[in-house]
Amino acid sequence: MNEAIEKIKNSRKIKIAILSVMGIIALVFIAIELYAYIVYERTDNAYVEGTIVPIAPQVSGKVVKVYVDYNQRVKKGDPLFEIEPDDYLAELNTKKAYVNILQNQSAEIVSSLNEAMARLNTAEANLQSARANRVLAEREYERIKKLFEEDLVSKSRFDNAETSLKVAISQEKAAESLIKEVNTAINTLKIKLKTQEYQVKKAQEELRIAEINFKRTTIFAPIDGRVAKKSVELGQFVRAGQLVMAVVDEHDTWIVANFKETQLKKMRVGHPVKIKVDAYGKVFKGHVES
6 MNEAIEKIKN SRKIKIAILS VMGIIALVFI AIELYAYIVY ERTDNAYVEG
56 TIVPIAPQVS GKVVKVYVDY NQRVKKGDPL FEIEPDDYLA ELNTKKAYVN
106 ILQNQSAEIV SSLNEAMARL NTAEANLQSA RANRVLAERE YERIKKLFEE
156 DLVSKSRFDN AETSLKVAIS QEKAAESLIK EVNTAINTLK IKLKTQEYQV
206 KKAQEELRIA EINFKRTTIF APIDGRVAKK SVELGQFVRA GQLVMAVVDE
256 HDTWIVANFK ETQLKKMRVG HPVKIKVDAY GKVFKGHVES
């Protein structure tokens, strides 16, 4: 009988001890939580942010290839999808052919200009010769004229000198006229060449744009990351500037946490932070960035 009573007493003591220890543990836990609540600031008003690069084609067309799927990891430079390139390739070839035509025309104008410059050099040399002949013819005419007036030469000799002078004057005028004509042709060719050079430059710029547009038919990943918000499918027609997916940088994420103004008093850049993400049930460590 006494042994049974003793066992009951011991059992009660054990239970009381256990409950006391559990109570102490609970009080310590409550104290820790209360201390953390008083000392540290916390908020549930927070969300994950990161570098998200929206992907939109820069040219319009039908999608003929899709290289990635939702949440797929990609490297910078990996192809994401492709727009039908045929029309852009045809445009590129047309622009190339037009530039070649204009460049050939420019070469012909330059060749004609060089020929005209050579003709001008020849005409100027002929003019110098014609002027020299005219000066000689004038001197001879004046000499024969005096002799004729003194009745020292015949009428036919005087007529020949006069005719030679007229021919020399005519040749000089013809040479001057030719130089004017050649100069006019040169000026015309220079204007034509300048216009042609402008056309070539304009066509080359259009060719450059056509080359860029052709290259833009394949869209590449701008950064390393994961594909998100994918809405592009094979055969779909997409327009330039239309958002069709995004690439999320996995290594550049942060938490945006909203605190009350009174909670910010003791916060400083660099302070350690504990972050609990409900989706993972895990606590991450970080620091205050700004």
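Here the numbering used here runs 5 ahead of the position in the sequence shown, where the first position is 1. All C-beta atoms in this analysis are idealised placements derived from N, C-alpha and C, irrespective of residue type, glycine included.
Continuous beta strand (DSSP E) stretch holding residue i: start and end
| i | result |
| --- | --- |
| LEU85 | 84-88 |
| GLY66 | 66-71 |
Residues of its chain near residue i, where Cβ-Cβ distance is below 6 Å and the 5 sequence neighbours each way are ignored
| i | result |
| --- | --- |
| GLU89 | GLY66, LYS67, VAL69 |
| ASN192 | none |
| ARG221 | GLN63, VAL64 |
| PHE153 | PHE163 |
| ARG136 | GLU177 |
| ASP83 | ALA226 |
| TYR40 | Per-residue confidence for TYR40 stands at a pLDDT of 46, beneath the threshold of 50, marking its modelled position as unreliable; the derived number appears in the next sentence. Correct list: empty, nothing qualifies. |
| ILE43 | Below a pLDDT of 50, predicted positions are generally treated as unreliable, and ILE43, at 49, falls in that range; the measurement from the model is reported next regardless. No residues qualify anywhere along the chain. |
| ASN138 | ALA173 |
| LYS235 | TYR75, MET250 |
| ARG78 | ARG231 |
| ASP91 | none |
C-beta atoms of residue i and residue j nearer than 8 Å
| i | j | result |
| --- | --- | --- |
| GLU145 | SER175 | no |
| LYS80 | ASP229 | yes |
| TYR93 | PHE219 | yes |
| ALA226 | LEU85 | yes |
| ILE196 | LEU125 | no |
| ALA179 | ALA121 | no |
| VAL149 | ALA166 | The amino acid at residue 149 is misidentified as Val; the sequence shows Ile. Yes, these two residues count as a Cβ contact at 8 Å. |
| GLU232 | VAL73 | The sequence given here has Val at residue 232, not Glu. Going by C-beta atoms, VAL232 is nearer than 8 Å to VAL73. |
| GLU238 | VAL71 | yes |
| ALA245 | VAL104 | no |
| LEU302 | GLU181 | Absent from the model: residue 302. The displayed extent of the chain is 6 to 295, so no value can be given. |
| LEU248 | ALA61 | yes |
| THR5 | GLU87 | An answer regarding residue 5 cannot be provided, because it is not within the stretch 6 to 295 covered by the chain. |
Neighbourhood of residue i by C-beta distance below 7 Å, restricted to the same chain and skipping five residues each side
| i | result |
| --- | --- |
| SER117 | LEU194 |
| MET6 | Residue placement at MET6 is flagged as unreliable, the pLDDT there being 49, under the threshold of 50; the coordinate-derived value follows with that caveat. Hits under 7 Å: none found. |
| ILE114 | LEU194, LYS197, LEU198, GLN201 |
| THR99 | none |
| SER134 | none |
| GLN108 | VAL205 |
| LYS101 | LEU212 |
| VAL158 | ILE149, LEU152 |
| ALA128 | ALA180, LEU183, ILE184, VAL187 |
| GLY240 | LYS67, VAL68 |
| VAL58 | PRO227, ILE228, ALA251, VAL252 |
Residue range of the alpha helix (DSSP H) that includes residue i
| i | result |
| --- | --- |
| ARG2 | What the structure shows of the chain is the stretch from 6 to 295, and residue 2 is not part of that stretch, so it cannot be assessed. |
DSSP bridge partner residues for residue i (one or two, in chain order)
| i | result |
| --- | --- |
| ALA233 | ALA251 |
| THR223 | GLU87 |
| VAL243 | GLY66 |
| PRO78 | Position check: residue 78 holds Arg in this sequence, whereas Pro was assumed. Beta-bridge pairing links ARG78 to ARG231. |
| VAL158 | Per DSSP, none; premise fails for VAL158. |
Same chain, Cβ closer than 8 Å to residue i, neighbours up to 5 away in sequence not counted
| i | result |
| --- | --- |
| SER111 | LEU198, GLN201, GLU202, VAL205 |
| LYS290 | PRO277, VAL278, LYS279, ILE280 |
| LYS160 | PHE153 |
| GLU143 | LEU170, ALA173 |
Contact with chain C by residue i, beta-carbon distance below 8 Å
| i | result |
| --- | --- |
| GLY82 | Chain labels in this structure do not include chain C; a single protein chain is all it has. |
Requested in this report: Please list the segments of the beta strand (DSSP E) lying wholly inside the region 163-230, counting only runs of 3 or more residues, in order along the chain.
Outcome: 223-225
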